[in-house]
Amino acid sequence: MIETIRIKKGFDINLKGKAVKRIEEISPPETYALKPTDFIGIIRPKLMVKEGDTVQAGTPILFCKKNEKVKYVAPVSGEIAEIVRGEKRKLLEVRILADKDIKYAPAKKYSSSEINGLSKQDVARILCDQGIWPNIMQRPYGIIANPEDEPRDIFVSGYDSSPLAPDYDFIYQGQEQYIQTGIDILNKFVKGQLHLTVDADAEFSKVFSQLKNINLHKISGPHPAGNVGIQIHHIKPINKGDILWTTTPFGLAQIGKLFMEGKYEAEKVIALTGPEVKNPQYYKVRTGTSIKKILENNLLSDNIRVVSGNALTGEKIAKDGYLGFYHNQITVLEEGNKPVLLGWFKPTFKELSLHRALGLLSFLNPKKTEYNLNTNTRGDKRAFVLSGVFEKVLPMDIYPTNLFKAIITEDYDEMEALGIYEVIEEDVALCEFVDVSKHNIQQIVRDGIELLQNS
844 MIETIRIKKG FDINLKGKAV KRIEEISPPE TYALKPTDFI GIIRPKLMVK
894 EGDTVQAGTP ILFCKKNEKV KYVAPVSGEI AEIVRGEKRK LLEVRILADK
944 DIKYAPAKKY SSSEINGLSK QDVARILCDQ GIWPNIMQRP YGIIANPEDE
994 PRDIFVSGYD SSPLAPDYDF IYQGQEQYIQ TGIDILNKFV KGQLHLTVDA
1044 DAEFSKVFSQ LKNINLHKIS GPHPAGNVGI QIHHIKPINK GDILWTTTPF
1094 GLAQIGKLFM EGKYEAEKVI ALTGPEVKNP QYYKVRTGTS IKKILENNLL
1144 SDNIRVVSGN ALTGEKIAKD GYLGFYHNQI TVLEEGNKPV LLGWFKPTFK
1194 ELSLHRALGL LSFLNPKKTE YNLNTNTRGD KRAFVLSGVF EKVLPMDIYP
1244 TNLFKAIITE DYDEMEALGI YEVIEEDVAL CEFVDVSKHN IQQIVRDGIE
1294 LLQNS
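If you want the working numbering, it's the position in the sequence shown, counting the first as 1, plus 843.
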């Protein structure tokens, strides 16, 4: 019998604009982009192409000086149209003018018996050379894993609890065989076990419940129950000196497709969501796609913020920007650039808040379950207020306020003692949402992680 982990701490942000379960077919965009900024921990990326070069899907585009074995590859075939740089010539995007018919870089197909006979060194080399390795992340630090490490355990979250998150059973239907192959491949690396966690409150998972060679767990509770870091904490916490790996169902499926079909397949199903979308629904796209055609004639206003990812942890992009490598969702919110009469003091039914000061009357209306929130923070950064609110939304046995202060003061010993090895940005995103002091909590945590890495 599978034991259910029950989480009480957390907070569900019920936004309007959840995607209906319908996949819309659209014509492919003209351009795609590989964005080095998507990959946390990448240092001094080195280009392997130049403008005008012709590439295939799976052709290496760049590598990192820190780990030259790991290649970052083109999601489609076509011509390198533009290399976009920012301040101090920082590499921001490699844009590809896509072919109408995608051509794939050659890769070998493997039978089940051939896969079983591969060593972990062989598998690591194939995954690195073919551009699949960036799907595998390391804890602590939340960076791309080192293929030479041997992880204690590997964790996968089989559902997403973030605002307006896509339904994993829907977007991965029909990919069970690829996911199973991905599990079998990763089991070659792990010393301990490979764990997968599903939503205990959802219907029976057709995609994940029949998988083999994996420890299946169930978890119940509000967001961030779907975060893999929260699941690690409650299943088998990370200690100093431990190395864990994490990946996603998409990462598992992409590994499976590489070995079974012999190609780098960047196709995925994503959800277009948010209160400013006319028809929130699902789209079949490729990693790095331009979102221009997806948003075309599908917005309720022009005063919007487009987010690649979810509303808590996603990246702000332009209306003609590009989908992030790790994202399976686009969220469109109203831009909060208008002054609010009485600010947070104005009681209203229209606002959602953990603090009853702002959404006082909304707590008296339990039937209202969806909210049209914007990006207005209603205040500026100020000193930390000891309200105890962080502890209400972070279901971990740590003291988040003390941890954040230790990071700000660069107290390395306190940071370690207070649990920095257990968290990355997504785990504290709710703390940022409920913070009355308006601090950028996610950036504070990343700064602390980088301090430890460089110490």
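Cβ coordinates follow ideal geometry from the N, Cα and C atoms, glycine included.
Inter-residue spacing [alpha-carbon to alpha-carbon] between residue i and residue j
i: T1218; j: V937; result: 29 angstroms
i: D996; j: L1142; result: 43 angstroms
i: V1050; j: L1039; result: 12 angstroms
i: L1229; j: L1037; result: 39 angstroms
i: F854; j: L1155; result: 12 angstroms
i: N1283; j: M1103; result: 43 angstroms
i: G1262; j: P872; result: 44 angstroms
i: F1119; j: V1175; result: Note that residue 1119 is Glu in the sequence shown, not Phe. Taking the straight line joining both Cα atoms gives about 6 angstroms.
i: L1029; j: L1237; result: 30 angstroms
i: Y1255; j: L1295; result: 7 angstroms
i: R1148; j: A1068; result: 26 angstroms
i: I1287; j: K952; result: 44 angstroms
i: I869; j: A917; result: 21 angstroms
i: K1083; j: G1157; result: 29 angstroms
i: K846; j: K1061; result: Sequence inspection shows Glu at residue 846; the Lys mentioned does not correspond to that position. Roughly 7 angstroms separates the two Cα atoms.
i: Q964; j: E911; result: 16 angstroms
i: S1052; j: V999; result: 13 angstroms
i: I1081; j: P983; result: 8 angstroms
i: R865; j: E957; result: 38 angstroms
i: V966; j: T1024; result: 12 angstroms
i: I945; j: K1106; result: 11 angstroms
i: Y1011; j: L905; result: 30 angstroms
i: D1240; j: D1042; result: 21 angstroms
i: V1232; j: K933; result: 38 angstroms
i: E1265; j: H1076; result: 7 angstroms
i: D1290; j: S920; result: 37 angstroms
i: P879; j: S1151; result: 15 angstroms
For residue i, the three-state DSSP class (helix, strand or coil)
i: A924; result: strand
i: T847; result: strand
i: H1076; result: helix
i: E991; result: coil
i: K1235; result: helix
i: A1045; result: coil
i: E936; result: strand
i: N1217; result: strand
i: V1288; result: helix
i: F1016; result: Looking at the sequence provided, one finds Gln at residue 1016 rather than Phe. In the structure shown, Q1016 sits in coil (DSSP, three-state: anything other than H, G, I, E or B).
i: P1209; result: Any reading at P1209 needs caution, since the residue's pLDDT is 46, under 50, leaving its predicted position unreliable; the model's value is listed next. P1209 falls in the coil class under three-state DSSP.
i: V1277; result: helix
i: Q1124; result: strand
i: Y1107; result: coil
i: V892; result: coil
i: K931; result: helix
i: P918; result: coil
i: V1271; result: helix
i: P1118; result: coil
i: T1089; result: strand
i: N978; result: helix
i: I986; result: strand
i: N1297; result: helix
i: T897; result: strand
CB of residue i within 8 angstroms of CB of residue j, strictly
i: Q1020; j: G1094; result: no
i: T1090; j: I1022; result: no
i: Y947; j: A900; result: yes
i: I923; j: E894; result: yes
i: P977; j: V913; result: yes
i: E993; j: K1034; result: yes
i: K861; j: T1116; result: yes
i: N1180; j: I1113; result: no
i: Y1126; j: I1137; result: yes
i: D1270; j: G1072; result: yes
i: I886; j: K851; result: no
Extent of the continuous beta strand (DSSP E) to which residue i belongs
i: D1042; result: 1037-1042
i: A1068; result: Per DSSP, A1068 belongs to no beta strand (DSSP E) and is neither H nor E.
i: T1174; result: 1172-1177
i: I870; result: As written in the sequence, residue 870 is Ser, which differs from the Ile given in the question. S870 -> no beta strand (DSSP E), and no H or E assigned at all.
i: F998; result: 997-1000
i: P879; result: That residue, P879, is in no beta strand (DSSP E); it is neither H nor E in DSSP.
i: I1263; result: Element bounds for I1263: n/a, residue is neither H nor E.
Host alpha helix (DSSP H) of residue i (start-end)
i: K1135; result: 1135-1138
i: S1004; result: First-last for S1004: undefined, no H or E at that position.
i: K1100; result: 1092-1104
i: K1248; result: 1243-1251
i: A1260; result: 1255-1260
Test: residue i CB closer than 8 angstroms to a CB of chain B
i: A1249; result: You won't find chain B in this structure, because it holds only one protein chain.
Practice task
Entirely within the stretch 1143-1168 and at least 3 residues each: give me those beta strand (DSSP E) ranges in chain order.
Solution key: 1147-1151, 1158-1160
Practice task
List in chain order: all unbroken alpha helix (DSSP H) runs of 4+ residues lying wholly within the stretch 948-972.
Solution key: 955-960, 963-972
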